[in-house]
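Working notes, structure below.
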Ligand code: UD1
């Protein structure tokens, strides 16, 4: 399980380096199936989710090896089209293996992704997109069998700009005959990074990062070498760590353009933020002001993956903030735990009303999902006394590489108890 023990009150100061993006590397690892050859991927973070996907790749017949932060995947030869059930049930994003496997082998069997703490998260848009490319999909006993004689390009209009569905369709369409156009595609930077990786492999994709993506299918792919973009959510989390402790931190290896909505909200709360080419300085000397309104939206709106961390900050702000979560229907589990620490939060459907309090108090709290867990750590950094955050291995380790070590290097009093 693992827990963090945090003695709050230390002002964070110094420099921290952001690791490669979890949400970029996962589809890139799936994409490494497509070339039937070698993919050299740099800036891969050490994360539980990366391990899970690498184990799946190894199980189906790829060989993956880590050298520092570089991962080498060799996907030559026949791979097993039966994706093992356990990891897919544990990690929903393994569903992106479907598009890549279907494109290369024209057949894949995968289990339905399991329930999720932050909402229902159906995959109807993924399946509808793959069907439009020519896949026949049979669902039975919790499994999806997806097959085709060949894939053909098509025009696909997504009802909602789903990140995973956009990626799954791209991963299949690169091997389809003809042209695929995805309209109302997700515009997240991780989609543009996937496009870059696939194009280095030989694919012909344009528009990744905009709402219309054009994919000309091809037959032969080549070996590829690529460096994953920095993790914008991790960068945002360290910015909030500085803000909540009244600290002064330089965050290295970020793409400031990717975190504009976070910069904007932290600016509104009174932090001074300095943008450089690949780093950001943040300095926050007094109690933050409440941000009137935080509404999560698809990129380039305020990211749902930063909602919990921003809420932790607003718990300590002067005044009242209103949060509206538009992406996931059940993403306020951290609020119950923040309340145990003295926060004043009321939840009303998709809205949360947060009245800032003078002081948070250390408490024993449980992380229920990845970003909610990070929010509890942030609250613990600011709280009076000791906070214990439980369930670190299950959730926080999925998406943060050495969170405790990096926070300690900034002056935080945080230790990990592995039991
Ligand atoms: C990705 C990110 C996740 C982030 C989310 C939204 C990865 C590995 N994960 O998740 O960190 O929080 O984007 O920015 O990149 N939906 C449907 N039907 C579908 C697909 C999605 O109804 O077929 C709904 C979901 O239930 C959810 C919303 O669309 O309410 C957004 O989901 P989506 O953009 O697909 O998120 P993920 O790709 O799962």
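Residue numbers (my numbering): 20 to 438.
All residues carry an ideal CB built from backbone N, CA and C; glycine is no exception.
Quiz item: Is it a yes or a no for the stretch 101–118 touching the stretch 58–65, going by three-plus beta-carbon pairs under 8 Å?
Solution: no
Self-check item: Check whether residue 163 and residue 129 have beta carbons under 8 Å apart
Solution: In the chain shown, counting from the first residue as 1, residue 163 sits at position 144. In the chain shown, counting from the first residue as 1, residue 129 sits at position 110. Taking 8 Å as the Cβ cut-off, residue 163 and residue 129 qualify as a contacting pair.
Quiz item: Heavy atom of the ligand UD1 less than 7 Å from the Cβ of residue 323, yes or no?
Solution: Your numbering for residue 323 matches position 304 in the chain shown. Within the cutoff, so yes.
Quiz item: Counting along the chain, where does the alpha helix (DSSP H) carrying residue 212 start and finish?
Solution: Reading the chain shown from its first residue, position 193 is the one you call residue 212. Residue 212 -> alpha helix (DSSP H) spans 208–219.
Quiz item: Looking at the C-beta of residue 359, does it have a partner C-beta in chain C at a distance below 8 Å?
Solution: Note that chain C does not occur in the displayed structure, where there is just one protein chain.
Practice problem: Please state whether DSSP places residue 241 in a helix, a strand or coil. | Solution: Here residue 241 refers to the residue found at position 222 when the chain shown is read from its first residue. Of the three classes helix, strand and coil, the one that applies to residue 241 here is coil, per DSSP.
Practice problem: Could you round the C-beta distance between residue 209 and residue 172 to whole angstroms and report it? I think they count as a contact, below 8 Å. | Solution: Numbered from its first residue, the chain shown carries residue 209 at position 190. Numbered from its first residue, the chain shown carries residue 172 at position 153. Going by Cβ atoms, the distance from residue 209 to residue 172 rounds to 23 Å, so no, they are not a contact pair.
Quiz item: Who are the near neighbours of residue 150 in its chain, counting only those whose CB is closer than 8 Å to its CB and skipping five residues on each side?
Solution: For the purposes of this step, residue 150 is taken as the residue at position 131 of the chain shown. Counting only residues of its own chain and dropping the five nearest sequence neighbours on each side, residue 150 has a CB closer than 8 Å to the CB of 156.
Quiz item: Under 8 Å, do residue 122 and residue 170 count as touching if we go by C-beta distance?
Solution: As a first step, residue 122 is located in the chain shown; it is residue number 103 there, counting from the start. As a first step, residue 170 is located in the chain shown; it is residue number 151 there, counting from the start. Yes, they are a contact pair.
Quiz item: Just the Cα atoms here: how many angstroms apart are residue 82 and residue 242?
Solution: Counting from 1 along the chain shown, the entry for residue 82 is found at position 63. Counting from 1 along the chain shown, the entry for residue 242 is found at position 223. C-alpha separation (whole angstroms): 14 Å.
Exercise. Would you please state the rounded distance, in angstroms, between the beta carbons of residue 41 and residue 250? I believe it to be under 8 Å.
Key: Against the chain shown, residue 41 aligns to sequence position 22. Against the chain shown, residue 250 aligns to sequence position 231. Sure, about 6 Å apart at Cβ, within 8 Å.
Quiz prompt | Exposed unless 16 or more other CB atoms sit within 10 angstroms - verdict on residue 372 | solution = The count along the chain shown starts at 1 and reaches residue 372 at position 353. Exposed, since its Cβ has fewer than 16 Cβ neighbours within 10 Å.
Quiz item: Quick one: Cα of residue 300 to Cα of residue 91, how far?
Solution: Along the chain shown, read from residue 1 onward, the residue named residue 300 stands at position 281. Along the chain shown, read from residue 1 onward, the residue named residue 91 stands at position 72. The straight-line gap separating the alpha-carbon atoms of residue 300 and residue 91 is approximately 33 Å.
Quiz item: Where DSSP assigns a beta bridge to residue 82, which residues make up the other side?
Solution: Locating residue 82 in the chain shown gives position 63, where the first residue counts as 1. Answer is 93.
Quiz item: Does DSSP put residue 160 in a helix, a strand or coil?
Solution: By one-based count along the chain shown, residue 160 stands at place 141. Coil at residue 160, not helix or strand.
Self-check item: Alpha-carbon spacing of residue 312 relative to residue 186, whole angstroms
Solution: Counted from its first residue, the chain shown places residue 312 at position 293. Counted from its first residue, the chain shown places residue 186 at position 167. So the alpha carbons of these two residues sit roughly 30 Å apart.
Self-check item: Nearest to residue 168 (by Cα), restricted to the options 69, 124, 203, 132
Solution: Here residue 168 is taken as the residue at index 149 of the chain shown, counted from 1. Nearest option by C-alpha distance: 124.
Practice problem: Could you give the DSSP three-state label for residue 293: helix, strand or coil? | Solution: Taking the chain shown and counting its residues from 1, the one referred to as residue 293 is at position 274. Looking at residue 293 - three-state DSSP - the assignment turns out to be strand.
Exercise. Report the rounded CA-to-CA distance for residue 52 versus residue 376, giving the unit in angstroms.
Key: Start at 1 with the first residue of the chain shown, and residue 52 comes out as number 33. Start at 1 with the first residue of the chain shown, and residue 376 comes out as number 357. The alpha-carbon of residue 52 is positioned some 50 Å away from that of residue 376.
Self-check item: beta-carbon residue 228 near the ligand UD1 non-hydrogen atom, thresh 7 Å
Solution: By 1-based counting over the chain shown, the position of residue 228 is 209. No, Cβ of residue 228 sits at least 7 Å from all heavy atoms of the ligand UD1.
Quiz item: Does any heavy atom of the ligand UD1 sit closer than 7 Å to the C-beta of residue 426?
Solution: Walking along the chain shown from the start, residue 426 turns up at place 407. False, no ligand heavy atom lies under 7 Å from that Cβ.
Quiz item: Considering only residues of the stretch 384–438, which uninterrupted alpha helix (DSSP H) runs meet the minimum length of 4 residues and lie entirely inside it, listed in chain order?
Solution: 389–401, 422–428
Quiz item: At which residues does the beta strand (DSSP E) containing residue 348 begin and terminate?
Solution: Residue 348 sits at position 329 when you count from the first residue of the chain shown. From DSSP, residue 348 is part of no beta strand (DSSP E); its letter is neither H nor E.
Quiz item: Taking C-alpha atoms, which residue in 334, 259, 360, 326 lies nearest to residue 349?
Solution: For the purposes of this step, residue 349 is taken as the residue at position 330 of the chain shown. Nearest C-alpha to residue 349: 326.
Practice problem: Flag residue 416 as yes when its Cβ comes closer than 7 Å to any non-hydrogen atom of the ligand UD1, and as no otherwise. | Solution: Indexing the chain shown from 1 puts residue 416 at position 397. Not so, every heavy atom of the ligand UD1 lies at least 7 Å from the Cβ.
Exercise. Under the assumption that residue 253 contacts residue 38 (Cβ atoms under 8 Å), give the Cβ distance between them as a whole number of angstroms.
Key: Stepping through the chain shown from its first residue, residue 253 is reached at position 234. Stepping through the chain shown from its first residue, residue 38 is reached at position 19. 6 Å between Cβ atoms; contact.
Self-check item: residue 230 in three-state terms, based on DSSP
Solution: Working through the chain shown from its first residue, we reach residue 230 at position 211. Three-state result, residue 230: coil.
Quiz item: Do residue 347 and the ligand UD1 come close, with the Cβ less than 7 Å from some heavy atom?
Solution: Position 328 of the chain shown, counted from the start, is the residue given in the question as residue 347. Short note on residue 347: C-beta closer than 7 Å to some heavy atom of the ligand UD1.
Practice problem: With DSSP collapsed to three states, give me the class of residue 184. | Solution: By 1-based counting over the chain shown, the position of residue 184 is 165. DSSP places residue 184 in helix when its eight states are reduced to three.
Exercise. Identify whether residue 132 lies in helix, strand or coil by the three-state DSSP scheme.
Key: The residue you call residue 132 lines up with position 113 of the chain shown. Of the three classes helix, strand and coil, the one that applies to residue 132 here is coil, per DSSP.
Practice problem: Tell whether a beta-carbon distance below 8 Å holds between residue 379 and residue 260. | Solution: Taking the first residue of the chain shown as position 1, residue 379 is located at position 360. Taking the first residue of the chain shown as position 1, residue 260 is located at position 241. Contact flag unset, no.
Exercise. Tell me whether residue 44 sits in a helix, a strand or coil according to DSSP, three-state version.
Key: Against the chain shown, residue 44 aligns to sequence position 25. Residue 44 falls in the helix class under three-state DSSP.
Quiz item: So residue 124 is in the alpha helix (DSSP H); what residue range does that whole segment cover?
Solution: Working through the chain shown from its first residue, we reach residue 124 at position 105. Here the alpha helix (DSSP H) through residue 124 covers 116–124.
Self-check item: residue 20 (DSSP reduced to helix, strand or coil)
Solution: Stepping through the chain shown from its first residue, residue 20 is reached at position 1. In this structure, residue 20 counts as coil in the three-state DSSP scheme.
Quiz item: Of all the options 289, 298, 295, 320, which has the alpha carbon lying nearest to the alpha carbon of residue 307?
Solution: To locate residue 307, count along the chain shown from 1; it is residue 288. Considering only alpha carbons, the answer is 289.
Quiz item: Would you say residue 127 and residue 247 are within 8 Å of each other, going by their C-beta atoms?
Solution: As a working mapping, residue 127 is identified with position 108 in the chain shown. As a working mapping, residue 247 is identified with position 228 in the chain shown. No, the Cβ-Cβ distance between residue 127 and residue 247 is not below 8 Å.
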